[in-house]
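Okay, so here's the structure we're looking at.
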Amino acid sequence: MNLAEYLPPDRVLLLKGRTKADALAELADVLGEAGLGVGREELREAIWKREGIMSTGIGQGLAVPHVRMPGVKTAAVAVGISPEGIADYESLDNQPVHLIVMIVAPEDEHETYLRLLAEIMQAVKDPELRRRIIQAPDTQTAHSLLVKER
Amino acid sequence: MSELALALPRPSHLPILLVVGTAVVFGTIGARLFQRLGIPQVVAYICLGLLVGPMALGLIGPRTIRQLQPFSFFALGVIGFMIGGELRLELLRKYGKTFLAILLSEGLGAFVLVGTLVTSTCWLLTGDARLSLALGTVLGAISSATAPAATVDVLWEYKTRGILTTTVFAIVAMDDGLSLLLYALAASAAGVLLGTAGGGGWLLLMGHVAYELAGAVLLGAAAGMAVNVALRHPCDHQKALPFMIGSLALLIGLARMLDVDLILATMSFGAVLVNLAPRRSRAAFEVMEDVAPPIYVLFFVMVGARLHIAGMAGWMWALAGSYLIGRTAGKMLGAYLGARWSGAAQSVRKYLGLCLFSQAGVAIGLSILAADRFPGDMGLAIMMIVTATTFVVQIIGPPCVKLAVKRAGEVGLKVTERDLMESYTVGQMVDSSIPAINFKSPLAEVVRIVGQTDATSYPVVSETGELMGVITLEGLRRSFMDEELTKVLVAYDIMESPPDAVTEDVPLAEGMSKMHEQHLTYLPVVSAKDGRLIGLLDERTVKRRLSEEVIRRQRLAAAQVGPEAQHEPATQPAGPPKS
Numbered sequence: 555m556n557l558a559e560y561l562p563p564d565r566v567l568l569l570k571g572r573t574k575a576d577a578l579a580e581l582a583d584v585l586g587e588a589g590l591g592v593g594r595e596e597l598r599e600a601i602w603k604r605e606g607i608m609s610t611g612i613g614q615g616l617a618v619p620h621v622r623m624p625g626v627k628t629a630a631v632a633v634g635i636s637p638e639g640i641a642d643y644e645s646l647d648n649q650p651v652h653l654i655v656m657i658v659a660p661e662d663e664h665e666t667y668l669r670l671l672a673e674i675m676q677a678v679k680d681p682e683l684r685r686r687i688i689q690a691p692d693t694q695t696a697h698s699l700l701v702k703e704r
Numbered sequence: 010m011s012e013l014a015l016a017l018p019r020p021s022h023l024p025i026l027l028v029v030g031t032a033v034v035f036g037t038i039g040a041r042l043f044q045r046l047g048i049p050q051v052v053a054y055i056c057l058g059l060l061v062g063p064m065a066l067g068l069i070g071p072r073t074i075r076q077l078q079p080f081s082f083f084a085l086g087v088i089g090f091m092i093g094g095e096l097r098l099e100l101l102r103k104y105g106k107t108f109l110a111i112l113l114s115e116g117l118g119a120f121v122l123v124g125t126l127v128t129s130t131c132w133l134l135t136g137d138a139r140l141s142l143a144l145g146t147v148l149g150a151i152s153s154a155t156a157p158a159a160t161v162d163v164l165w166e167y168k169t170r171g172i173l174t175t176t177v178f179a180i181v182a183m184d185d186g187l188s189l190l191l192y193a194l195a196a197s198a199a200g201v202l203l204g205t206a207g208g209g210g211w212l213l214l215m216g217h218v219a220y221e222l223a224g225a226v227l228l229g230a231a232a233g234m235a236v237n238v239a240l241r242h243p244c245d246h247q248k249a250l251p252f253m254i255g256s257l258a259l260l261i262g263l264a265r266m267l268d269v270d271l272i273l274a275t276m277s278f279g280a281v282l283v284n285l286a287p288r289r290s291r292a293a294f295e296v297m298e299d300v301a302p303p304i305y306v307l308f309f310v311m312v313g314a315r316l317h318i319a320g321m322a323g324w325m326w327a328l329a330g331s332y333l334i335g336r337t338a339g340k341m342l343g344a345y346l347g348a349r350w351s352g353a354a355q356s357v358r359k360y361l362g363l364c365l366f367s368q369a370g371v372a373i374g375l376s377i378l379a380a381d382r383f384p385g386d387m388g389l390a391i392m393m394i395v396t397a398t399t400f401v402v403q404i405i406g407p408p409c410v411k412l413a414v415k416r417a418g419e420v421g422l423k424v425t426e427r428d429l430m431e432s433y434t435v436g437q438m439v440d441s442s443i444p445a446i447n448f449k450s451p452l453a454e455v456v457r458i459v460g461q462t463d464a465t466s467y468p469v470v471s472e473t474g475e476l477m478g479v480i481t482l483e484g485l486r487r488s489f490m491d492e493e494l495t496k497v498l499v500a501y502d503i504m505e506s507p508p509d510a511v512t513e514d515v516p517l518a519e520g521m522s523k524m525h526e527q528h529l530t531y532l533p534v535v536s537a538k539d540g541r542l543i544g545l546l547d548e549r550t551v552k553r554r555l556s557e558e559v560i561r562r563q564r565l566a567a568a569q570v571g572p573e574a575q576h577e578p579a580t581q582p583a584g585p586p587k588s
């Protein structure tokens with residue numbers, strides 16, 4: 555699976571918000587305007603509902619909010635970088651989150667969804683790589699680091 | 010009823026297809042109604058025939074009955090063929106002496122008692138000893154026949170299996186031959202009594218009977234051997250069906266042309282086939298089973314339509330009464346004594362007699378021969394008496410068979426998984442022991458729950474117990490693609506959308522059909538009352554339970570036969586499903 559197919563450069567952004575709600579809203583807005591078949595409000599609601607079940611902050615500064623929704627035409631990824639950190643994300647290790655990778659997929663594309671999640675985990679597994687992505691000078695560089703062939 | 014018939018406009022004849030369609034459609038509907046009342050379906054068919062025949066509405070006349078005769082022959086042929094399929098050599102070796110003893114006993118029992126009662130009654134009415142003895146002898150011989158069609162239809166309808174069922178099949182299959190022999194002797198004797206016998210009459214008759222019976226057996230056996238060779242070449246259901254229908258039709262046609270006994274010929278065909286190729290021939294019996302039901306319906310409707318006893322004189326009714334009493338008592342007593350002397354099972358001794366009341370084709374055929382042989386009042390009396398008593402026994406016979414097999418505990422023991430599928434509901438097969446998984450459960454919890462059972466699918470429910478999705482083992486496997494990922498996944502993430510649920514009152518066959526249409530191996534089952542999740546209909550569980558139930562019933566049937574007969578034949582045709 556090629557992550558680049560699901561994550562174009564313009565979906566890597568430097569987050570303005572300093573709270574979980576603001577950060578997730580920013581990423582949801584980007585995906586909402588990507589022509590996926592669902593609007594930003596719907597996406598925000600679905601992501602927030604999923605967060606309500608269990609936080610997607612897996613620790614070590616990383617969070618992977620994800621959702622499958624009816625109406626979504628194709629799977630898509632957006633990445634938010636917060637060098638200052640999102641302190642209220644409620645991660646497993648209670649540490650601030652610096653890298654948020656949001657995934658949206660069609661409701662019935664079960665396998666694609668899980669494969670994409672697994673691919674992303676593989677992409678950001680390395681702590682050193684994560685550090686370089688978070689400290690990248692621009693979003694283009696961050697994107698290149700994320701999607702490079704391994 | 011006859012006034013009603015006169016009041017209705019009657020076309021000179023109804024188109025044949027209209028008759029066929031009417032008979033099959035309304036016969037099937039009538040059968041369903043009768044089944045709800047616990048009355049065998051064959052009674053419904055015969056009653057419909059009585060209704061549309063000359064005795065009531067007169068919609069079907071003798072011309073139409075003649076035109077439909079080929080269907081009747083074909084139906085008799087199928088019945089003979091299916092009976093033959095029950096006659097396995099190992100059964101005949103095991104029970105052959107018992108069958109023979111019972112056959113002779115019940116056949117001769119009816120012959121003696123009917124002969125005695127009819128002779129006595131006729132003598133009281135006429136004072137003519139020779140005439141009375143001649144009439145009694147001929148009617149006694151005719152009374153020994155038992156019609157297989159109505160009897161086996163009840164056995165198939167109620168899916169019976171056991172020693173009583175096996176004995177009934179054997180007896181009704183063979184007593185046609187006995188009655189033909191007895192008739193030959195009786196007709197000859199009556200001819201001598203009345204002074205109408207020719208010099209070569211007796212020998213000619215016996216010769217003809219021997220030709221009819223032996224010729225039928227040889228013809229059927231030859232057909233069985235020929236088809237056995239053909240069955241060595243594998244072919245699918247599409248090709249097997251026309252081949253079997255064609256083979257049977259060919260055999261029936263030849264039997265008619267050569268003037269040999271049709272039922273014996275087709276029975277011999279079935280018996281040879283099932284013994285030469287028990288496994289290969291299974292498909293042959295199954296395809297006949299699939300095509301036979303509408304033909305049976307039409308056949309029995311025609312049986313009813315043929316019964317016409319209007320205008321019978323009072324003295325004929327008296328003789329008919331003697332015949333009926335003598336035949337009933339003779340069959341029951343003869344069957345009991347024969348079973349007892351030969352050491353047959355208790356259920357056979359007690360209930361076989363009840364299964365031997367039906368009388369139709371052979372008896373009516375012999376009565377027509379007798380009417381031809383003894384013209385005048387005697388011939389007319391024979392025909393009318395046999396027709397009238399056929400009317401009665403065709404109505405009471407099937408319910409008596411049902412009573413017998415029910416009391417013997419043999420009902421429902423001969424089922425296939427397909428039969429059970431049609432009789433169960435989803436609620437009887439739903440697996441409510443499969444634990445439901447809360448949608449918020451972390452993956453570790455999901456794995457723990459899955460590890461505790463051997464189910465392959467698990468319902469995912471909300472806090473209020475509402476079905477939200479289903480987790481399958483395949484879906485769970487996919488979630489282990491990355492170890493880190495397992496920390497953030499919950500049941501909600503890995504569940505699949507639930508398919509449309511079914512309620513517990515839906516027939517199982519329908520539920521399984523819906524499952525397969527969606528290419529699934531499970532289906533959620535919810536309560537018809539409140540939509541609450543009851544459990545999952547799991548394909549693997551359904552198959553296992555059906556298989557277990559079939560084996561349980563087979564063992565039950567085998568246990569009734571006794572320890573020495575625990576070995577069940579490898580295959581047995583199941584007979585037609587319920588119409």
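Note that the protein sequences, when read in sequence, are chains R and P. Note that this note's numbering has the first sequence beginning at 555, numbered continuously upward. Note that this note's numbering has the second sequence beginning at 10, numbered continuously upward. Positions of the beta carbon are idealized from the N, C-alpha and C atoms, including for glycine. Predicted model only: the values in this text are computed from it and were never measured.
| Query | Result |
| --- | --- |
| Does the beta carbon of glutamate 661/R sit closer than 8 angstroms to a beta carbon anywhere in chain P? | yes |
| Determine, using beta carbons only, whether methionine 675/R comes closer than 8 angstroms to chain P. | yes |
| Alpha carbons only, please: which of Arg336/P, Ala353/P and Lys449/P is nearest the one belonging to glutamate 115/P? | Arg336/P |
| Tell me whether leucine 700/R is buried or exposed, calling it buried when 16 or more other Cβ atoms sit within 10 Å of its Cβ. | buried |
| Run through DSSP, which three-state label would glycine 606/R get? | helix |
| So, is the C-beta of valine 28/P closer than 8 angstroms to a C-beta in chain R? | no |
| Going by other Cβ atoms of all chains shown within 10 Å of its Cβ, with 16 needed for buried, is glutamate 166/P buried or exposed? | buried |
| How about glycine 613/R and leucine 569/R: are their beta carbons less than 8 angstroms apart? | no |
| Can you pull out the residues from the region 167-197 of chain P whose beta carbon lies closer than 7 angstroms to at least one beta carbon of chain R? | none |
| I need the straight-line Cα distance from valine 226/P to phenylalanine 278/P, nearest angstrom please. | 8 angstroms |
| Shorter than 8 angstroms from the beta carbon of valine 618/R to some beta carbon of chain P? | yes |
| Taking the DSSP output, what are the residues bridged to proline 660/R? | Met623/R |
| Please identify, using Cβ separations under 8 angstroms, the residues of the region 676-690 of chain R that lie next to chain P, in order along the chain. | Gln676 and Lys679 |
| Once DSSP output is grouped into helix, strand and coil, what is the label at methionine 392/P? | helix |
| With three or more beta-carbon pairs closer than 8 angstroms as the criterion, would you say the region 80-88 of chain P touches the region 418-432 of chain P? | no |
| I want to verify the contact list: residues of chain R whose CB lies under 8 angstroms from the CB of serine 592/P, in sequence order. | Within the shown structure, residues of chain P are numbered from 10 to 588, placing residue 592/P beyond reach of any answer. |
| Between methionine 477/P and chain R, is any beta-carbon pair separated by less than 8 angstroms? | no |
| For aspartate 514/P, is the beta carbon positioned less than 7 angstroms from some heavy atom of the ligand MG? | The model depicted lacks the ligand MG and carries no ligand whatsoever. |
| Flag arginine 598/R as yes if its beta-carbon sits less than 8 angstroms from any beta-carbon of chain P, otherwise no. | no |
| Per DSSP, which one or two residues make a beta bridge with alanine 632/R? | Met656/R |
| According to the neighbour-count rule (16 or more other Cβ atoms, all chains shown, within 10 Å of its Cβ), is arginine 604/R buried or exposed? | buried |
| Just checking: is the beta-carbon of lysine 449/P within a distance shorter than 8 angstroms of some beta-carbon in chain R? | yes |
| How many Å lie between alanine 464/P and isoleucine 443/P at the Cα? | 7 angstroms |
| Taking just the CA atoms, how far does asparagine 237/P sit from tyrosine 104/P? | 26 angstroms |
| Closest by CA to threonine 434/P, which one among Leu546/P, Lys423/P and Lys359/P? | Leu546/P |
| Looking at the C-beta of glutamate 665/R, does it have a partner C-beta in chain P at a distance below 8 angstroms? | yes |
| Please check if any C-beta of chain P sits within less than 8 angstroms of the C-beta of methionine 555/R. | no |
| Just checking my contact of alanine 567/P with valine 534/P at CB under 8 angstroms: how many whole Å lie between their CB atoms? | So it is not a contact: roughly 34 angstroms between Cβ atoms. |
| Beta-carbon separation of leucine 333/P and methionine 64/P under 8 angstroms? | no |
| Take threonine 425/P as the anchor and find which of Glu557/P, Gln50/P and Leu532/P has the nearest alpha-carbon. | Glu557/P |
| Decide if leucine 259/P is buried, meaning its Cβ has at least 16 other Cβ atoms within 10 Å, or exposed. | exposed |
| Which residues in the same chain have their Cβ closer than 6 angstroms to the Cβ of asparagine 556/R, if we skip the five residues on either side of it in sequence? | none |
| If you compare alpha carbons, which of Arg598/R, Ile601/R and Gln649/R is closest to leucine 616/R? | Gln649/R |
| In its own chain, which residues sit with a C-beta less than 6 angstroms from the C-beta of proline 691/R, not counting the 5 before and 5 after it? | none |
| Can you confirm whether the region 215-223 of chain P touches the region 187-198 of chain P when touching is taken to mean that 3 or more C-beta pairs between the two stretches lie within less than 8 angstroms? | yes |
| DSSP state of proline 444/P, grouped into three classes? | coil |
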